[in-house]
Every structure is written in structure tokens, then in C-alpha cells.
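The block underneath contains the structure these notes are about, expressed in C-alpha cells.
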Amino acid sequence: MYLTARTTTFLFPMLSKRIIACLDVRDGSVVKGIKFKGLQNAGDPATLARRYNREGIDEVVILDVTATIEKRKALAKTIHAVSREIFLPLCVGGGIRGESHAEAAIEAGADKIGINTAALSQPELISTLAGRYGSQAVIVAIDAKREDGRFKIYVRSGQQGTSRDAVEWAREAADRGAGEILLTSIDRDGTKLGFDCQLTAAVSSAIPIPVIASGGAGNFDHFVDVFTEGQADAALAASIFHYAEHSVEDLKTHLHERKIPVRII
Amino acid sequence: MIALINYGAGNLTSVRKALASLGARVTTPRTAADLRWAHGVIVPGVGNFAVTAALEPNWRTAILAHVDRQLPLLGICVGMQWLFDGSEEAPEHPGLKLLSGTCRLFPSEEPVSNHGDVRPGENAGVTTTGRLKVPHVGWNSLHLVKRSWLLDGIADGDQVYFTHSFAAPVTADCVGSTPYGVNFAAAVERDNVAGVQFHPEKSSNVGLRILSNFLRRVS
């Protein structure tokens, strides 16, 4: 009757691998670029979110892609429009520089807050937000690029290099109370060449919290690779879903057939 | 009318929006005395069990009076754990004791033995070193234990969204269980008192169905 493994059979958990749709939002519209550049319009956030929900997406991320650069707050209006219509975990990132920005996003309907540039420049923000909203609400986003045989961190929407190493920073973020790591490969972003499985596995095996792999999804087998070889707990994609080339439903069927635990609706 | 208790434990926005989409009239009462007008009460919550201290003593009394009037009560996440005797997470704060049992931490130190053909690292709940990941975050399946008004229309194996580190034991009040290292109570029900460990407001259509079952019980 009690939750101790000694008195009962230890059950192998069949927690699903999550498929997450990312909506990169600028001025209220979804945009998508390649390697963080050349942004194109890809539609209305609420309309896309509704479609993904019908197809069985597990989670939605709204990323205000230009917020840090143009010093704008995450779009409360977009958050509200999406959270009013779909009842799934919703993460919001982009331009969250302090507690007040996080509070505004959560009040508009976000469940989780993604912090990137601000987490690096003021790491104590991770524990402040985790203390106030719980670790499950704090996602530290890391944009990494291969350089000299290492995974270097870039900030400010991939425009500014740092001297920090992605694996070492992920470990520190987890220690400070982050609930998940959203790990994007800048080299693969928008290229459809597949996720960077080496990068993902390096981070995933170093920390005890879930890793969301991002950047490079081009076909269904790329997801199989990142869930097995890359050891990712969740995979995030944008362009593969936006233009209705592939449905979330077909992706999940593909994964299920390959014995990867997923939520089928 | 549904009273959604705001006691400072996480945000109520999601629960309110989900209930609104189902056409419910929801209020967040300012004082415990306002609960006497409610037809149904929902205690949400996320985070540490200690947050339930904010419900003492006025809200506790008003909620127990609501249950005595045979009106439906739903606890979500920490709100469900609060229906029990208490939790190891904050032993100094007693629960509502409507259901018996103590909530306990998942056994993260136990090595996960390898069953079937899924290897550690290839499952979202297991670390690459073969241990259970805690907190339990993500979509997991709900197994129907017995007939229930709360889970009416839910199929065995339907998935719901969890995020928690402590869980309630499977007792006679458990109507839906979930395996995560051990079997724990994902949904409980006794007469008009119900609780869910997962977040129905974040569990898409399955979650909305459960919330609408609660609303139907209220009306």
C-alpha cells in the first residue's frame, strides 16, 4: 500500500517520450528561419496550436524570437489566445529577463517559463523562479554550437558567442533548480539534417532532469534517433509540422511501431 | 457555481480557462465563508505540500462543511494529496484526512530492473544510469481500478499529464492507478469527494472529460 519499492514489485515506468511543437512568434505571427536567420511567416499561433492539439501534440512552446534583441516582453496576447483554446502544458520563452516578465507570462496562461540569455547573465534567476513557481515551471534553454570539438553556448538568439560549455552549464542549471533543459543545436536549426544526437546525449547523460532536444528535425527517423541514440526525453520541432508536410499523428504512429513509448490519442 | 480555491499555490489561470471552455461558472471566493454558496469546490495546487498550510484553519472548516452537505469536492495535484492524512514532504502539516494514507516520495534510489525490451535512457522515466527520474514529469497512462463517476468515459490506458515527486498510495478509494516505479493512486473517489494527481486542465481531451464529469456531478 505504501510507495516503497521493497514491499512491492518495482514496475518499469512507461513514461511517454514527448513531442513538442515550437511556435517561434514575432509580432503575433509564427515565423521560422534557418540557423536563426531569414524569418518567414508561417501563420497564426492559435490556429496552428489547435491543429497540433487535434493531431496529438504533447506540449507547446511559444518562443518570442525577437524579444531579447528588441527588448520586448513575451507576447501576453499570444499566450492568452493559445492557452484559452488548447489544454496542454504551455511553455513561454524569449525576453524573460526577470521575475516580473515570468509573472506576466504565467498570468497570461503559461505553465513553464523558458530562460536563456538571462539565466546565463544572472544564474540566481533560476533558483528565484524555481522557489516561487516550483522547478517544474523553470526550463533553461541552451543554444549550443560545435566549436573546437566542444559544444559552446551562444546567447541573444544565437548571435553572440560565449566561453561557456553546454554540458557544464546544463549541470549547473539543474543544480540551481531548473526542471528541464531545452537544448537547441544552432548548427542543425532549420536544416532538416536531423537532431545533433551527440550533443543531446552528452547533456542528457550528465544531468538528472529531462532534456528536450531541438534543432534539425527533417523526417520521422530523426525523432527515433534522438530518443534512442540521443537519449532525449522530449523532442521539439517547428517547421516539420508548420507547413502540414507531416502530421504529429503520423509521427507518433511511426515511433510507436518502433517501440518508443508515446501518447497515442 | 464552482468555487476554485486560491491559496497561493501556483496559478489558477489554466484550471479556470479549462472550466470556462466547458461552460462552467467559476468564482474564486475571497473568504472561506463564501464557500457556503458553492455547489462544487475545487482545490488546485502545485509545488510543495507545505503550501496547504495556507488553508488552515478557516478554509479547512469551510471545505469540511461543504463535504458534510454532500456536495462534490475535487482536489488536483497537491490539492488531491491534501485529502489524505498528510505527506512525508511536510509531516508537520496534516491533510484533510477525508481519505486514509500518507503521500510518499518516489523511490528514486532503487535501480530500475530491466523488463521487456526498453532500455534505460530509451524511456523518459529512467536515467541513463538506470534509476527512476524524480520528479515524475510527462504523460503516463491511467489504469482503471473500479467503476467511478469521475472517470466515466475514460478508457483504460488513456494518458494524462503529471508533474510531481510525492504520490498517494493505492487504497480502497483509488479508482485509477498509474505505474511509475510503483503503482500509485492517480485518481481517487469516495462518494462526492474526488481527487486527481495529474493535471486534467493540461491533459487535453481526456482531462476535459474528467472535469466535465465533475461538473455533471455538481449539477
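These protein sequence lines map, in sequence, to chains A and B. First residue of the first sequence? That's 1110 in the working numbering, and the numbers climb one at a time after it. First residue of the second sequence? That's 17 in the working numbering, and the numbers climb one at a time after it. Even glycine gets a Cβ: it sits at the ideal position worked out from N, Cα and C. Model, not experiment: these values are computed from the prediction.
With contacts defined by Cβ atoms closer than 8 angstroms, residue 56 of chain B and residue 209 of chain B do not form a contacting pair. Secondary structure at residue 1257 of chain A: coil, using DSSP grouped into helix, strand and coil. Straight across, the Cα-Cα distance linking residue 1241 of chain A with residue 1281 of chain A is about 19 angstroms.
Cβ proximity to chain A below 9 angstroms picks out 147, 148, 149, 150, 151, 152, 153, 154, 155, 156, 157 from the segment 147 to 167 of chain B. Rounded to whole angstroms, residue 1155 of chain A and residue 37 of chain B show a C-alpha spacing of 15 angstroms.
Counting only residues of its own chain and dropping the five nearest sequence neighbours on each side, residue 229 of chain B has a CB closer than 8 angstroms to the CB of 165, 166, 167, 168, 169.
In the three-state scheme derived from DSSP, where H, G and I count as helix and E and B as strand, residue 47 of chain B is classed as coil. Short of 8 angstroms from the beta carbon of residue 1329 of chain A, and not among the five residues preceding or following it, lie these beta carbons of its own chain, in chain order: 1355, 1359, 1360, 1363, 1364.
In terms of Cβ geometry, residue 1273 of chain A and residue 1262 of chain A form a close pair [threshold 8 angstroms]. In the structure shown, the three-state DSSP call for residue 33 of chain B is helix. Bounds of any alpha helix (DSSP H) do not take in residue 168 of chain B, whose DSSP letter is neither H nor E. Counting other Cβ atoms within 10 Å of its Cβ, residue 1130 of chain A reaches 16 or more and is therefore classed as buried. The segment 39 to 50 of chain B and the segment 1225 to 1235 of chain A do not touch, with fewer than three beta-carbon pairs separated by less than 8 angstroms.
In this chain, the alpha helix (DSSP H) harbouring residue 1191 of chain A covers 1185 to 1192. As a beta-bridge residue in DSSP terms, residue 203 of chain B pairs with B:192, B:212.
Boundaries of the beta strand (DSSP E) harbouring residue 1346 of chain A: 1343 to 1346, taken from the DSSP string. Between residue 206 of chain B and the set B:231, B:91, B:216, the nearest pair of CA atoms involves B:91. For residue 222 of chain B, the enclosing alpha helix (DSSP H) has its first and last residue at 220 to 234. Taking a Cβ-Cβ threshold of 7 angstroms, the residues of chain A close to residue 218 of chain B are 1196, 1197, 1198, 1220, in chain order.
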